[in-house]
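Chemist: Numbering (numbering that gives the first Met the number 0), first residue to last: 0 to 363.
All C-beta atoms in this analysis are idealised placements derived from N, C-alpha and C, irrespective of residue type, glycine included.
Here the structure is a predicted model, which means the values were calculated and not measured.
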Amino acid sequence: MRPLKGIALVCLSALAFGASAQTIVLTQISDFSGRGKGTSKPTSRGAQACISAYNATAGKAARARLEILDDQFDPARTAALAEKAVAAGTSAFINSLGAGTSEALATVADRAQIPVVGAMTGATSIRSQRRPSLFFLRSGITQEGRHAVRQLVTLSLRDIAVFHTADAYGQDGLAAVTAAMQEAGLPAPRSASFDPAKPDVASPAQALAGASAVVMFATGPTLIDFVKRIKANGSGAMLIAASTANMSALVDGVGPASRGIGYLRTVPAPTERSRLGREFTELWRRHGDKEAPTPFHLEGCLAAQLALRAAGGVVSPAPALMKRLKTGGLQNFGEFKVNFDSPSNEGSSWVGIAVVDQAGRLVD
């Protein structure tokens with residue numbers, strides 16, 4: 000698998016391969032109807048745009064298709080849907096969302112030797128298992144926590160708190176910030192959590208209102224509610240949302256009070272400021288829909304690109320596709336680089352931070 004030179008070249012690469020009447024099927028099993036839909040929907044649309052671009056240049060090579068299945072954030076449902084997808088002949092899974100659901104998917108994918116490209120969980124509890132099928136496009140929570148603390152210390156904000164889900168993802172977020180604060184010579188952060196199944200953020204918003212900064216490992220309406228409540232409590236804390244947050248929904252839901260909120264990026268912004276952003280913007284103009292693309296769209300696209308590149312224009316046996324992903328070397332997307340040669344298949348450690356400006360836009 001040759002190093003990728005850019006998105007456009009990936010889409011054109013299928014021209015080099017021979018005829019095939021078969022179809023490369025990429026399957027996204029994720030939460031499309033609940034609290035994860037703010038992430039699942041844009042990643043699937045980004046993936047579809049890249050698949051459409053690939054098909055437009057595929058020539059006689061195998062065409063590709065995206066299958067979308069809603070697991071409603073239920074690991075048991077994830078496993079059942081994965082079994083059906085394997086039986087139907089899927090080539091690869093992409094853009095799985097969440098710790099428990101990604102683990103359930105990996106249990107099926109490991110047995111079938113089918114890759115899960117772009118597993119969207121930074122949870123150390125999942126990454127440390129070194130599942131052979133899980134390929135992580137985004138950096139882990141450890142890198143996010145370290146980056147957030149370093150930025151806050153630079154701003155002389157040292158009374159740092161953590162708001163997090165009471166699950167593996169949230170606990171990893173708390174551990175990451177705690178470790179980063181220890182590295183910086185700071186005491187452990189105060190923290191408050193909530194049950195994702197029955198979210199109640201009134202107490203956490205009150206408990207953390209006096210902090211100088213709060214790093215938030217939460218998503219969806221719960222995150223919006225927390226921000227509204229902590230602001231209503233008179234907090235002047237610098238708020239930083241982890242990469243899983245849907246910032247468009249947060250800005251829309253919170254309104255002017257969202258100005259100044261930070262956001263940890265694990266892929267670059269799809270803007271004209273970078274080569275990757277320019278190439279994706281052009282691809283989205285040709286093959287996307289009318290909504291403005293976000294980093295989630297780009298992340299979904301990159302996962303599809305990597306899977307298609309590994310397939311090489313043909314319907315490859317799943318073990319061969321996994322091997323190509325693992326041994327393909329550096330995949331260069333401009334300033335964003337991916338290499339799955341680590342023991343845990345962690346492709347990137349890239350983290351950036353953006354801030355919501357007065358116009359409600361994220362500015363790097």
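Taking the alpha-carbon positions, what's the His423 to Asn94 distance?
Modeler: Past the edges of the chain, shown from 0 to 363, lies residue 423, and the structure says nothing about it.
Chemist: Using a Cβ-Cβ cut-off of 8 Å (strictly less than) and excluding sequence neighbours within five positions of Arg64, which residues of its own chain qualify?
Modeler: Taking Arg64 as the centre and dropping the five residues before and after it, the same chain places the C-beta of Thr22, Ile23, Val24, Leu25, Ile50 closer than 8 Å to its C-beta, in chain order.
Chemist: Could you check where the beta strand (DSSP E) with Glu190 kicks off and where it finishes?
Modeler: What sits at residue 190 in the sequence shown is Ser, not Glu. Residues 189-193.
Chemist: Does the stretch 324-332 come close enough to the stretch 63-80 to have 3 or more Cβ pairs within less than 8 Å?
Modeler: no
Chemist: Do Ala178 and Met215 count as a contact pair if the criterion is CB distance below 8 Å?
Modeler: no
Chemist: Comparing C-alpha positions only, which one of Ile352, Glu182, Pro188, Glu334 sits nearest to Glu278?
Modeler: Closest by alpha carbon: Glu334.
Chemist: Between the stretch 246-262 and the stretch 216-235, do at least 3 Cβ pairs fall closer than 8 Å?
Modeler: yes
Chemist: Pull up the distance between the alpha-carbon of Ala310 and that of Pro114, whole angstroms please.
Modeler: 11 Å
Chemist: Below 8 Å, can you find three or more Cβ-Cβ pairs linking the stretch 115-130 to the stretch 178-192?
Modeler: no
Chemist: Using CA coordinates, which residue listed in Ser90, Leu133, Glu143, Thr89 is at the minimum distance from Ala98?
Modeler: Per the Cα distances, Leu133.
Chemist: Which class does Glu66 belong to by DSSP, given the choice of helix, strand or coil?
Modeler: It is a strand residue.
Chemist: Along the chain, where does the alpha helix (DSSP H) containing Val176 start, and where does it finish?
Modeler: 167-182
Chemist: Mind the definition here: the stretch 231-239 touches the stretch 306-320 only if three or more C-beta pairs lie below 8 Å; say whether that holds.
Modeler: For the pair of segments examined, the stretch 231-239 was found not to touch the stretch 306-320: the number of CB pairs separated by less than 8 Å stays below three.
Chemist: Measure the beta-carbon distance from Thr141 to Ala165 and round it to whole angstroms, keeping in mind my assumption that it falls under 8 Å.
Modeler: Actually they are not in contact, since the Cβ atoms of Thr141 and Ala165 sit about 20 Å apart, beyond 8 Å.
Chemist: Could you tell me the distance, in whole angstroms, from the CA atom of Asp158 to the CA atom of Arg34?
Modeler: 30 Å
Chemist: In the DSSP assignment, find the beta strand (DSSP E) that holds Gly333 and state where it starts and stops.
Modeler: Counting along the chain, Gly333 falls outside any beta strand (DSSP E), and DSSP gives it neither H nor E.
Chemist: On the three-state DSSP scale, how would you describe Gln21?
Modeler: coil
Chemist: Does DSSP put Thr26 in a helix, in a strand, or in coil?
Modeler: Note: Thr26 maps to strand in three-state DSSP.
Chemist: Below 7 Å, is the gap between the Cβ of Ala302 and the nearest heavy atom of the ligand ATP?
Modeler: In the structure on display, the ligand ATP does not appear, and there are no ligands present to speak of.
Chemist: Buried or exposed: where does Gly346 fall if 16 or more other Cβ atoms within 10 Å of its Cβ makes it buried?
Modeler: buried
Chemist: Counting pairs of Cβ atoms below 8 Å between the stretch 279-296 and the stretch 78-92, do you hit three or more?
Modeler: The stretch 279-296 vs the stretch 78-92: no contact.
Chemist: For Ala160, list the residues DSSP reports as bridge partners.
Modeler: Arg189, Val213
Chemist: In this structure, does DSSP put Ala78 in helix, strand or coil?
Modeler: In the three-state scheme derived from DSSP, where H, G and I count as helix and E and B as strand, Ala78 is classed as helix.
Chemist: Met119 bridges to which residues according to DSSP?
Modeler: Leu96
Chemist: Should Val213 and Ala256 be called a contact, given that it needs their Cβ atoms to be closer than 8 Å?
Modeler: No.
Chemist: Between Ser192, Leu301, His296, which has its C-alpha nearest Asn331's C-alpha?
Modeler: Leu301
Chemist: From Lys336 to Gly139, what does the alpha carbon distance come to, in whole angstroms?
Modeler: 15 Å
Chemist: Please confirm whether Gly261 and Ile229 have their CB atoms less than 8 Å apart.
Modeler: no
Chemist: Comparing alpha-carbon positions, which option in Ile352, Ala303, Leu329, Leu307 lies nearest Gln27?
Modeler: Ala303
Chemist: For Val362, count neighbouring C-beta atoms within 10 Å of its own C-beta (all shown protein chains included) and say buried if the count is 16 or more, exposed if not.
Modeler: With fewer than 16 other Cβ atoms within 10 Å, it is exposed.
Chemist: Let me know if Thr89 comes out buried or exposed under the rule of 16 or more other beta-carbons within 10 Å of its beta-carbon.
Modeler: That one is buried.
Chemist: Could you tell me if Gly259 is buried or exposed, where buried requires 16 or more neighbouring beta carbons within 10 angstroms of its beta carbon?
Modeler: exposed
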